[in-house]
Each structure stands twice: as structure tokens, then as C-alpha cells.
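Numbering (the working numbering), first residue to last: 51 to 216. Glycine included, each C-beta is placed from N, C-alpha and C at the ideal position. Quantities reported herein were computed from a predicted structural model and do not represent experimental measurements.
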Amino acid sequence: EYHRHTKLKSEIEDLLDQVTELYSTHNHNYQRYDSEAGRLDLAGRTEYLKSLNDWAEQLLQKLNGDDVRKVLGEMYFKKDDLEQEVKRLKENIEKKENEYRNLDKDFDLAKQGYALSHKKHQQELEEKEKAVTEATAKVDQISEELETVKQKVESTMRDLTEKQNR
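See the structure below:
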């Protein structure tokens, strides 16, 4: 687009240069006519003035005609194309912003899901640790009770052995 802008600017500057050149040449030619008109008869002056006027009119038509319309038409279409491109880019930006917002929402949901899953996993681990601790305590208690029962059995066996030996 910058290249196109530069080209259009150059074409407009060329057109302005042509207009300036036409104006300068026109003034120069009419000054020359004024200086030479005194040496020509009426028919010569008329013919000379007619050729200058034809030349000026031809250049003016060229500048006012197809070339100018072409440049202005190209500028209009290029302006329209640029406006369409800007509109398309704005829509694309809006679409990308919506995609980003949706991705951000999805990411937040994923984080929340992970946090809940992690919390649930931690709770399960804590419950299992508690169950293991309780089971270990119960095993220790049963072991103590078993030891007590063993001691009672041994004591009872000794008492029984002593009674038999008497």
C-alpha cells in the first residue's frame, strides 16, 4: 500500500507539474505573440493566434480529459480498495480478539478444572493417609493386645506347669 501511495503521489505531482508547465508555456507563447504580432498582417496574426489557441486548448483538454479522469478514477478505486482492506483488517482484528477471549475463557476453565482435580486428589491422599494412620494405630493396638494375650498365655502356662509339678 505504501508503494501504491507513493505512485499516486508521484502521478499527482506530475499532473501538477504539467499544469504549471502549460501555464508557463502559454504565457510565454502569448508574450512572444505580442512581440511578433506587430510584424504580421491581420491574417498572419489571426493564424498565429489560432495555432497558439489550438495548442493551448489541446493541452488543456488533455489535462482536463482522459488523463485526469484516469488518475482520479484510479485514486477513487484505490481509495475504495483501501477502505475495503481497512474494513477487512478491522473485522479480522475483531475476530482474533474474540478468539483470544474464548481461549482465555477456556484457559481459565482448564485452570479451574485442574485446581478442582488437584484439590480432590489432595483430599483423597489425605483420606488415604488418615486411613493408613488409623490402620497402623489399630495394628499397633492389636499387636499390644496380642502381646498382652501372649504374656497371659505364658503366665497361665507357667502356672499350669507349676501346678502339675506339685
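Please state the DSSP three-state secondary structure of L159. Note: L159 maps to helix in three-state DSSP.
Distance CB(Y80)-CB(L102) smaller than 8 angstroms: yes
Tell me, to the nearest whole angstrom, how far the beta carbon of L58 is from that of K128; I am working on the premise that it is less than 8 angstroms. 7 angstroms
Per-residue DSSP class, three states only, for L90: Collapsing the DSSP output to three states places L90 in coil.
Restricting to Cα atoms, I'd like to know which of K188, L110 and D154 is closest to H76. L110
Among E197, S205, L132 and Q108, which residue has its Cα nearest to the Cα of R54? L132
Give every residue of the same chain whose Cβ lies closer than 7 angstroms to the Cβ of K202, excluding the five residues on either side of it in the sequence, and list them in chain order. none
With the cut-off set at 8 angstroms, would you say L90 and Y98 are in Cβ contact? yes
Assigned secondary structure, E51 (DSSP; H/G/I helix, E/B strand, else coil): E51: coil per DSSP, three-state reduction.
How is R216 classed by DSSP in three states: helix, strand or coil? coil
Do you know offhand how far D190's Cα is from T198's? Distance between the alpha carbons of D190 and T198 is about 12 angstroms.
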